[in-house]
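Counted from 1, the sequence shown has number 21 at position 21 by UniProt numbering; the numbering is strictly sequential.
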Amino acid sequence: GMVSTILIIVQEKPIARLLLTPVKRAEILSAKYITYTSILIIQALSLVICALAFGLYVVGSLFDLFLALFILGFTGLAIGIFISTFSKTKTQANQLFFATFLVLILLSGIFIPIDAMPNYLQIIAYALPLSHGSPLITGIITKGKSVFGFDFFTLLGVSVFLVITSFIIFQRRKYEV
C-alpha cells in the first residue's frame, strides 16, 4: 500500500497534464484511491486464500481476518497518498517515505515490545497505526477476537483523517504545467 502510492501524485508532469482536463481534482484523487483499494482487496483476499490453502489455523473468523488485513493495508495506502500529496518532489517523497517507514516499523512493537520502551516512546508508538495492526491480526488468528475493537477503529480513524487531509492538500496545492 504505502510503497506503491508514495509517487502517484508527486510525479509532476502526468498530474499537471491531468489537471488540464475537465476532470475535478477530487475525481483524480478518488480514482487513485479506488484503483489502489481494488488492488488491496485482491491482495487481502489472496492472503486469506493462502491461509486456507496452506492450512493456517485461524481461531477467529476469516472474514474478520480479511477486514483486518484490508484496514491495515488501507491505512498504509492512505499514508502513501498523504506523503505523495504533501511532497513537492520525488526525492522528498522518497525521503519522507523512508523516514516514516523506519519510525513505523521500529515503534510498532514487532521488534521491541512497546511495554519495554521508555514512556515517551510508548506514547508515540500507540499513536502510530502499525502498533494497532499487529495486535489486531494476531488477536484474530490466535485468540479468535472480533475485528471490531479498539485497534480496528483506531486504524479506521487514522485512515479517514489521512484521506480527508490528502483531499484538502490536493485541492489547495498549486501545480505547474
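We put the beta carbon where it would ideally sit given N, CA and C, even for glycine.
Rounded C-beta distance between residue i and residue j? I'm assuming under 8 Å.
i    : j    : result
I124 : T100 : Wrong, their Cβ atoms sit about 13 Å apart, outside the cutoff.
F170 : R17  : Contact doesn't hold; Cβ gap of about 16 Å is too wide.
S166 : I81  : 5 Å
Take residue i and list the residues in its own chain whose beta-carbon comes closer than 8 Å to its own, dropping the five residues that flank it on each side.
i    : result
A44  : F66, L69, F70, G73
A51  : V58, L62, L65
T142 : V59
Reducing DSSP to helix, strand and coil, say where residue i ends up.
i    : result
S46  : helix
T85  : helix
Y57  : coil
G73  : helix
T21  : coil
V103 : helix
Y112 : First, the amino acid is wrong: residue 112 is Ile here, not Tyr. The answer is coil: DSSP assigns I112 none of H, G, I, E or B.
G80  : helix
Going by other Cβ atoms of all chains shown within 10 Å of its Cβ, with 16 needed for buried, is residue i buried or exposed?
i           : result
G139        : buried
Y36         : buried
residue 221 : Because the chain here runs from 1 to 177, residue 221 falls outside it and cannot be looked at.
S87         : buried
L102        : exposed
P118        : exposed
A31         : exposed
L56         : exposed
Once you ignore the five residues that flank residue i on each side, which residues in its own chain have a CB closer than 7 Å to its CB?
i    : result
L121 : L107
V158 : T75, P129
Might you give, ordered along the chain, the residues of its own chain that have their beta carbon closer than 6 Å to the beta carbon of residue i, omitting 5 neighbours on each side?
i    : result
H132 : D151, T154, L155
Of the choices the options, whose alpha-carbon is the least far from that of residue i?
i   : options         : result
L40 : L77, L104, L56  : L77
I79 : R173, S46, V160 : V160
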